[in-house]
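Since the structure comes first, as structure tokens, the remarks are kept for the end.
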Amino acid sequence: MLKRGNRMLKQQNNAQHMRMPIITTFLILICVLVFILYRETGERSDSSSGLLIQNWNSFSSSVKLDPTVEFRNGTDLIWQNADSPKAILFLAHGCNGKAANFWDRSPKCPNCAGLPEERLIVLNALARRFAVLAVTSAGRCWSFEEERLIIKDIIERWIVKQKLQSLPLVALGASSGGYFVSALATDLRFSSITIMIAEGLFGQMDTPKNYPPTLFVHMPKDERRRRRIQRYLTLLKGKGIDVAEVK
Numbered sequence: 001m002l003k004r005g006n007r008m009l010k011q012q013n014n015a016q017h018m019r020m021p022i023i024t025t026f027l028i029l030i031c032v033l034v035f036i037l038y039r040e041t042g043e044r045s046d047s048s049s050g051l052l053i054q055n056w057n058s059f060s061s062s063v064k065l066d067p068t069v070e071f072r073n074g075t076d077l078i079w080q081n082a083d084s085p086k087a088i089l090f091l092a093h094g095c096n097g098k099a100a101n102f103w104d105r106s107p108k109c110p111n112c113a114g115l116p117e118e119r120l121i122v123l124n125a126l127a128r129r130f131a132v133l134a135v136t137s138a139g140r141c142w143s144f145e146e147e148r149l150i151i152k153d154i155i156e157r158w159i160v161k162q163k164l165q166s167l168p169l170v171a172l173g174a175s176s177g178g179y180f181v182s183a184l185a186t187d188l189r190f191s192s193i194t195i196m197i198a199e200g201l202f203g204q205m206d207t208p209k210n211y212p213p214t215l216f217v218h219m220p221k222d223e224r225r226r227r228r229i230q231r232y233l234t235l236l237k238g239k240g241i242d243v244a245e246v247k
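Numbering (our numbering), first residue to last: 1 to 247.
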């Protein structure tokens, strides 16, 4: 679990600061469960994976997916507010993914697909009073230059429109989305980020000392990625940034 020490980023007020351990714990829980889902799908039968999904889904049975779909800056923005939200979760999909994968198909979102792992992330986030938003990348995978500024602008404008400026903002990105989130965090102030099945772009960019606490979630059998993550853990810790890994 991410350590909450003197090096933790200062929040806008004491109430936000007190909420951060809960928010980080939630992100770790989400990542561990999604990680297990991916592993179960690859190594066990469909029935075993389905049982795990059913058990996880039962925690959010009272929450309904009810997205709002918008078209911003040439791409899809899909979002859903929780009742009295206490934080904001930005989701960045992997290659060949899209924002519509995180919500079920419905009259409000006819192009939504509701993929198992993705929709469960949203359900559990909503159950824990996170406002959730996802944006579709311009290409098959995320790019890391101009697109960063576009997404930054989309997120900031959405937060202002929803009047959620006082809430902490966190991000979760998988695969290409993990690389993207690692870069976006140099432009947009996140309270914490989670990078799944990716090592981030820390070897290709300058990482400021106020970079957000970072959690890496990765497959231990991917030796090449594991070595890179170990190197980046050392790099970030050396700059006083809170980091941890789940494998």
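Yeah, the Cβ is synthetic: ideal placement off N, Cα and C, and Gly gets one too.
### Message
So for GLY173, helix, strand or coil by DSSP?
### Response
Locating residue 173 in the sequence shown gives position 173, where the first residue counts as 1. Of the three classes helix, strand and coil, the one that applies to GLY173 here is strand, per DSSP.
### Query
Do you know how far the Cα of ASN210 is from the Cα of GLY238?
What you label residue 238 is simply residue 238 of the sequence shown in a count that begins at 1. What you label residue 210 is simply residue 210 of the sequence shown in a count that begins at 1. Spanning the two alpha carbons is a distance of roughly 12 Å.
### Message
Contact defined as beta carbons within less than 8 Å: I believe LYS161 pairs with ASP187. What is the distance between those atoms, to the nearest angstrom?
### Response
Locating residue 161 in the sequence shown gives position 161, where the first residue counts as 1. Locating residue 187 in the sequence shown gives position 187, where the first residue counts as 1. Not a contact, Cβ separation roughly 19 Å.
### Cβ pair PHE102, ARG119 closer than 8 Å
Counted from its first residue, the sequence shown places residue 102 at position 102. Counted from its first residue, the sequence shown places residue 119 at position 119. Yes, Cβ-Cβ distance for PHE102 and ARG119 is below 8 Å.
### Query
From ARG105 to GLY200, what distance separates their C-alpha atoms?
In the sequence shown, the residue the question calls residue 105 occupies position 105. In the sequence shown, the residue the question calls residue 200 occupies position 200. Their backbone Cα atoms lie some 31 Å apart in a straight line.
### Task
Work out the CA separation of VAL132 and CYS112 for me, nearest whole Å.
Here residue 112 corresponds to residue number 112 of the sequence shown, with the count starting at 1. Here residue 132 corresponds to residue number 132 of the sequence shown, with the count starting at 1. Roughly 15 Å separates the two Cα atoms.
### Message
Am I right that VAL170 and LEU89 are in contact with their C-beta atoms under 8 Å? What's the rounded C-beta distance?
### Response
Counted from its first residue, the sequence shown places residue 170 at position 170. Counted from its first residue, the sequence shown places residue 89 at position 89. With a Cβ gap of about 6 Å, VAL170 and LEU89 count as contacting.
### Query
Roughly how many angstroms lie between the CA atoms of GLY94 and GLN165, to the nearest whole one?
Here residue 94 is taken as the residue at index 94 of the sequence shown, counted from 1. Here residue 165 is taken as the residue at index 165 of the sequence shown, counted from 1. GLY94 and GLN165: Cα-Cα distance of roughly 27 Å.
#### Entry: Same chain only: Cβ atoms within 8 Å of CYS109, ignoring 5 sequence neighbours per side
Here residue 109 refers to the residue found at position 109 of the sequence shown. Contacts found: PRO67, VAL69, ILE78, ALA100, TRP103.
### Message
Does PHE90 come out as helix, strand or coil in the three-state DSSP assignment?
### Response
To locate residue 90, count along the sequence shown from 1; it is residue 90. Looking at PHE90 - three-state DSSP - the assignment turns out to be strand.
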